[in-house]
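In our numbering, the protein residues as written are 365 to 486.
Below you can see the structure in the form of structure tokens.
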């Protein structure tokens, strides 16, 4: 049974501008150390960061909370399963019901990054 759906799209140039304007302050507020360690170098870095930003927004929408008092960007981590498929982790004592499963799809094209999250109850 689906208990939440969230979708977000973000301009890669918006993320690039934030990184260039605010540097480490922005990066540490939005991304986990694990996400930053895995970020590629060069221009692909911004696609990578934008997809993860969109994933965090999409999860917050699927949870029905949005980013704010209940959940922060740094409470959500995007990682890759052994298969390479993207996944989501909740950090800092945040949790969903034990029977909830998170599904994540990421895409980027033409300067835009998109994430789609489904929360499923098994």
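No residue lacks a Cβ here, since even glycine has one placed at the ideal position from N, Cα and C.
Would DSSP call residue 365 helix, strand or coil?
-> coil
Residues of its chain near residue 374, where Cβ-Cβ distance is below 6 Å and the 5 sequence neighbours each way are ignored | 414, 417, 418, 477
Return the first residue and the last residue of the alpha helix (DSSP H) that residue 400 is part of.
-> From DSSP, the alpha helix (DSSP H) with residue 400 extends over 397-402.
Nearest-angstrom Cα separation, counted from residue 372 out to residue 473 | 14 Å
When burial is assigned at 16 or more other CB atoms within 10 Å of the CB, is residue 423 buried or exposed?
-> By the neighbour-count criterion, in which a residue is buried when 16 or more other Cβ atoms sit within 10 angstroms of its Cβ, residue 423 is buried.
Pairwise C-alpha distance: residue 369 and residue 400 | In this structure, the straight-line span from the alpha carbon of residue 400 to that of residue 369 is close to 26 Å.
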